[in-house]
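For this note's numbering, count along the sequence shown from 1 and bump the result up by 343.
Cβ coordinates follow ideal geometry from the N, Cα and C atoms, glycine included.
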Amino acid sequence: MQIWSIEKTLRKDDGTRSVDIRVSPDGKLFRYYENVWITVGDDELLHYPDGGYWSCPEMSGYYESLKDCELGARSDVGWLVGSP
């Protein structure tokens, strides 16, 4: 299995959310992954040295172009809807 590389990243201004648009190794398919920073405190079992962790709540299907993938992300991911 080959790694899909990041083609474009869309970020929220406060740095707590981003969407990575990735391209397949052969350059024919695109898909996006939403990344959300989850702030948590330490508990008895877990220690979070950075104060939280990254979560990936949204992942798309496959798109044939970068443009279509970005349009899909902007229509599907709530905080991106209506952003430039």
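Under the rule that 16 or more other beta-carbon atoms within 10 Å means buried, what is residue i, buried or exposed?
i, result
"V383", "exposed"
"D411", "exposed"
With C-beta atoms as the reference, is residue i less than 8 Å away from residue j?
i, j, result
"R365", "R374", "yes"
"E377", "V420", "yes"
"L414", "K351", "no"
"G395", "I381", "yes"
Classify residue i as helix, strand or coil using the three-state DSSP reduction.
i, result
"G358", "coil"
"L423", "helix"
Provide the residue span of the alpha helix (DSSP H) that contains residue i, from first to last.
i, result
"S498", "Nothing can be reported for residue 498: it is not among the residues displayed for the chain, which extend from 344 to 427."
Can you tell me where the beta strand (DSSP E) holding residue i begins and where it ends?
i, result
"W347", "No beta strand (DSSP E) contains W347, which DSSP labels as neither H nor E."
"Y396", "395-402"
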